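K.L.:
The UniProt record's numbering puts the first residue of the sequence shown at 1, with every later residue one more than the last.
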Amino acid sequence: MTFQTDTDGENSFLLSRRGFVVGGLSVALAGCSAETMDGLSAYAPIDGSVAPQYRRRRVSYATKEKPGTIIVDTSERYLYVVEENGKATRYGVGVGRAGFSWSGRARVGRKAEWPTWTPPPQMIRRQPELKKYASGMPGGKDNPLGARALYLYDGGRDTMYRLHGTNQPWSIGRAMSSGCIRMMNADVVHLYDRTPIGTRVVVKA
Numbered sequence: 001m002t003f004q005t006d007t008d009g010e011n012s013f014l015l016s017r018r019g020f021v022v023g024g025l026s027v028a029l030a031g032c033s034a035e036t037m038d039g040l041s042a043y044a045p046i047d048g049s050v051a052p053q054y055r056r057r058r059v060s061y062a063t064k065e066k067p068g069t070i071i072v073d074t075s076e077r078y079l080y081v082v083e084e085n086g087k088a089t090r091y092g093v094g095v096g097r098a099g100f101s102w103s104g105r106a107r108v109g110r111k112a113e114w115p116t117w118t119p120p121p122q123m124i125r126r127q128p129e130l131k132k133y134a135s136g137m138p139g140g141k142d143n144p145l146g147a148r149a150l151y152l153y154d155g156g157r158d159t160m161y162r163l164h165g166t167n168q169p170w171s172i173g174r175a176m177s178s179g180c181i182r183m184m185n186a187d188v189v190h191l192y193d194r195t196p197i198g199t200r201v202v203v204k205a
């Protein structure tokens with residue numbers, strides 16, 4: 001096992017021989033949220049809070065990956081679902097902030113509607129006000145995982161990273177999460193409905 005150090009001083013490690021790099025895994029455990037939460041609507045209306053370039057659209061996209069593959073380009077803040085004939089559906093996303101970003105390959109191992117969010121102990125130590133959610137926050141409009149979550153697995157092992165919705169639609173296009181890939185709720189519902197278990201996910205730095 002190869003250890004590295006991220007900018008917060010937390011250990012990160014190489015999870016598999018295929019190079020799935022998990023940055024700050026102990027911090028991200030089921031957290032996948034920004035450091036603060038708010039009571040914004042569970043849904044992400046097109047109300048000006050999300051820049052136009054991050055709205056869902058069908059685009060031309062050249063890749064060697066097979067149709068159905070999900071590709072996340074963290075530097076550009078886009079998620080693509082590869083389609084036939086050089087096309088893809090593109091979604092705007094929010095990504096991990098410095099020290100919490102990651103890249104590699106995985107598969108969708110589980111899916112959940114209105115998932116429960118449980119902040120990890122490390123997050124609770126940084127934000128004691130989250131202690132009341134130590135046993136889990138039920139799904140709903142204030143839950144930072146939003147309307148849907150797709151759980152990423154590597155070799156049958158939960159990576160602790162997710163593709164999920166958000167109660168902070170203004171964060172789309174920004175790097176501010178604990179490593180997970182966040183989407184507008186309307187978009188993650190759209191992705192959820194077309195993504196079967198076992199779908200390949202490629203995350204590019």
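Quick reminder that beta carbons are idealized off the backbone N, C-alpha and C, glycines included. Source: prediction; values computed, not measured.
Can you name the start and end residues of the beta strand (DSSP E) that MET137 belongs to?
P.N.:
Run containing MET137: none; DSSP gives neither H nor E here.
K.L.:
Assign residue 207 to one of three DSSP states: helix, strand, or coil.
P.N.:
The chain is shown from 1 up to 205; residue 207 falls before or after that span and cannot be answered.
K.L.:
Which one or two residues does DSSP pair with THR89 in a beta bridge?
P.N.:
DSSP, once it has assigned bridges, lists ARG58 and VAL81 as partnering THR89.
K.L.:
Label PRO196 either buried or exposed according to how many other C-beta atoms from any shown protein chain fall within 10 Å of its C-beta, with 16 as the threshold for buried.
P.N.:
Answer is exposed; the Cβ neighbour count stays below 16.
K.L.:
Using 10 angstroms around the beta-carbon of residue 210, count the other beta-carbons present and answer buried if the total reaches 16, otherwise exposed.
P.N.:
With the chain covering 1 to 205 only, the question about residue 210 has no answer from this structure.
K.L.:
Measuring CB to CB, does GLY94 end up less than 8 Å from ARG148?
P.N.:
The answer is no: Cβ separation not under 8 Å.
K.L.:
First and last residue of the beta strand (DSSP E) that includes MET183?
P.N.:
Start and end: 181–183.
K.L.:
Since ASP142 contacts ASN167 with CB under 8 Å, what's their CB separation in whole angstroms?
P.N.:
Contact holds; Cβ gap of about 6 Å.
K.L.:
Looking at the structure shown, is ILE197 part of a helix, part of a strand, or coil, going by DSSP?
P.N.:
Residue state, collapsed to three classes: coil.
K.L.:
Go ahead and label SER177 buried or exposed: buried means 16 or more other beta carbons lie within 10 angstroms of its beta carbon, across all protein chains shown.
P.N.:
The residue in question, SER177, is buried, as its Cβ has 16 or more Cβ neighbours within 10 Å.
K.L.:
Go ahead and label VAL59 buried or exposed: buried means 16 or more other beta carbons lie within 10 angstroms of its beta carbon, across all protein chains shown.
P.N.:
Flag for VAL59 reads exposed.
K.L.:
Check the DSSP bridge columns for ASP187 and list the partner residues they point to.
P.N.:
In the DSSP output, where bridge partners are listed per residue, ASP187 has none listed.
K.L.:
What residues in its chain sit with their C-beta under 6 Å from that of PRO169, if we drop five residues either side in the sequence?
P.N.:
Only ALA44, SER49, VAL50 and MET184 meet the Cβ criterion.
K.L.:
Are there 16 or more other CB atoms within 10 angstroms of the CB of SER75, so buried, or fewer, so exposed?
P.N.:
Exposed: under 16 other Cβ atoms inside 10 Å.
K.L.:
Around the C-beta of GLY198, are 16 or more other C-beta atoms found within 10 angstroms, so that it is buried, or is it exposed?
P.N.:
Exposed is the call here.
K.L.:
Report the three-state DSSP secondary structure of LYS204 (helix, strand or coil).
P.N.:
Here LYS204 sits in strand by DSSP.
K.L.:
Whole angstroms is fine: what's the gap from ALA106's alpha carbon to ILE172's?
P.N.:
The straight-line gap from Cα to Cα measures roughly 22 Å.
K.L.:
Please go through the same chain and pick out, in chain order, the residues whose beta-carbon is closer than 8 Å to the beta-carbon of SER103, but skip the five residues on each side of it.
P.N.:
Hits under 8 Å: VAL21, THR74, VAL203, LYS204 and ALA205.
K.L.:
Could you give the distance in angstroms between the alpha-carbon of LEU130 and the alpha-carbon of LYS87?
P.N.:
When rounded, the distance between both Cα atoms is 42 Å.
K.L.:
Among the residues of its own chain, which have a CB less than 6 Å from the CB of PRO115, if the five just before and after it don't count?
P.N.:
So the list reads GLY139, LEU145 and ALA149, once near-sequence residues are dropped.
K.L.:
Around the Cβ of ALA34, are there at least 16 other Cβ atoms within 10 angstroms (buried) or fewer (exposed)?
P.N.:
For ALA34, the predicted structure reports a pLDDT of 46, less than 50, and the residue's modelled location is therefore unreliable. The matter cannot be settled from this model.
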